[in-house]
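What follows is one structure encoded as structure tokens, with my remarks underneath.
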Ligand code: HPA
Ligand code: ZN
């Protein structure tokens, strides 16, 4: 059996995927035509050639500009439908999917339009793959905008499993949103947040997220390796780290794979995820495969990572058992 076949068959949960980051060039072109949006690139090859980034900011510029084609409920439906099909084909049994409401409401698209399209796709795919939504605040937007977003989510709170924090981390520490996370917890949401790799203030931000805001998971977060007290704490509290190797590969030469191995063997619950698969050249199995082929992760290690993905998910204990 090939390593890829082994990986695809391994039941996995995906805990770190931005639905807007699953917008493939093909769908981008189709939606641009349907909605009368003029794209700067006309062909799939030209679009792919424009995907050049070497840090978080340069990625985010491409990521946000691509969203201009997402306008109608049907667009969000198709976006999620395609992701769920791809994820299911790669052995994802359960996905906790990020979406960025403010990236759309700031363009005049209603919260309702976005979430209704996503929820319809999730409901339709239910027999193949189970999924939930996690709403992210854009950390480079204002606190007031985050507050409005929490308010706009209220009618749908039963269909949103948790809240996260993403976008440009520089000068936008976790503490900026402390009250929003408090409020989110009070409203029954699970919590996670991005602590992107190798940021100027990575360790300080991780400390705020874990010690002050007390999030349940960290997205990326591999810089905990720089502070052994943080490693011990994450281990003791069984905090999941949702790591994204191919995404890391754009900003760091070794995808943080050696650090992942170290954390895994230290008993930290890391999982492997695709982040923005349409932009980083690969879905979840491609991420597992990169670790196996380039960094000699063994089948046992991959199995442990896949187990961690369910353990650190927000499924109920009973649901977890059905997958493990
Ligand atoms: N980091 C921050 N913001 C993001 C990311 C990420 O990995 N993906 C999409 N928005
Ligand atoms: Zn991310």
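Residue numbers (UniProt numbering): 4 to 327. Beta carbons: idealized from backbone N, C-alpha and C, even for Gly. From a predicted model like this one, the values you see are computed outputs, not experimental measurements.
Assignment of beta-bridge partners to residue 192 by DSSP yields no partner. In this structure, the ligand HPA has a non-hydrogen atom nearer than 7 Å to the beta-carbon of residue 197. Using a Cβ distance threshold of 8 Å, residue 66 and residue 24 count as a contacting pair.
The C-alpha of residue 79 lies about 26 Å from the C-alpha of residue 199. Collapsing the DSSP output to three states places residue 65 in a helix. Here DSSP, grouped into helix, strand and coil, assigns residue 200 to coil. In the structure shown, residue 222 adopts extended strand secondary structure according to DSSP, grouped into three states. DSSP, reduced to helix, strand and coil, places residue 89 within a helical segment of the structure shown. Residue 236 sits close to residue 213, with the two beta carbons spaced by under 8 Å. Distances between the C-beta of residue 222 and the heavy atoms of the ligand ZN include at least one below 7 Å.
Residue state for residue 245 is assigned as strand, using DSSP reduced to three classes.
Remark: the C-beta of residue 279 is in contact range of the ligand HPA, defined as less than 7 Å to any heavy atom. When beta bridges are read from the DSSP output, residue 102 appears opposite 138. Residue environment: residue 211 is assigned as buried (16 or more neighbouring CB atoms within 10 Å of its CB, all protein chains considered). Here DSSP, grouped into helix, strand and coil, assigns residue 110 to coil. With contacts defined as CB atoms closer than 8 Å, residue 284 and residue 249 qualify as a contacting pair. In summary, residue 296 is exposed, with fewer than 16 beta-carbon neighbours lying within 10 Å of its beta-carbon over all protein chains present.
Closest in alpha carbon position to residue 268, among 258, 290, 307, 294, is 307. Within the same chain, and ignoring the five residues on either side of residue 60 in sequence, the residues whose Cβ sits closer than 7 Å to its Cβ are 171. Restricting attention to 256, 282, 304, 183, the CA atom closest to the CA of residue 270 is found in 304. Sequence-distant Cβ neighbours of residue 323 in its own chain, meaning closer than 8 Å and more than five residues away, are 313, 314, 316. Of the residues 219, 259, 256, 140, the one whose Cα lies closest to the Cα of residue 240 is 219. In this structure the stretch 95-115 lies against the stretch 132-139, because at least three pairs of beta carbons, one per stretch, are closer than 8 Å.
Cβ contact annotation for residue 142 (same chain, cutoff 6 Å, sequence separation greater than five): 168, 170, 175, in chain order. In the three-state reduction of the DSSP assignment, residue 163 falls in the coil class. The three-state reading of DSSP puts residue 47 in helix, counting H, G and I together. Per DSSP, the unbroken beta strand (DSSP E) holding residue 17 starts and ends at 15-21.
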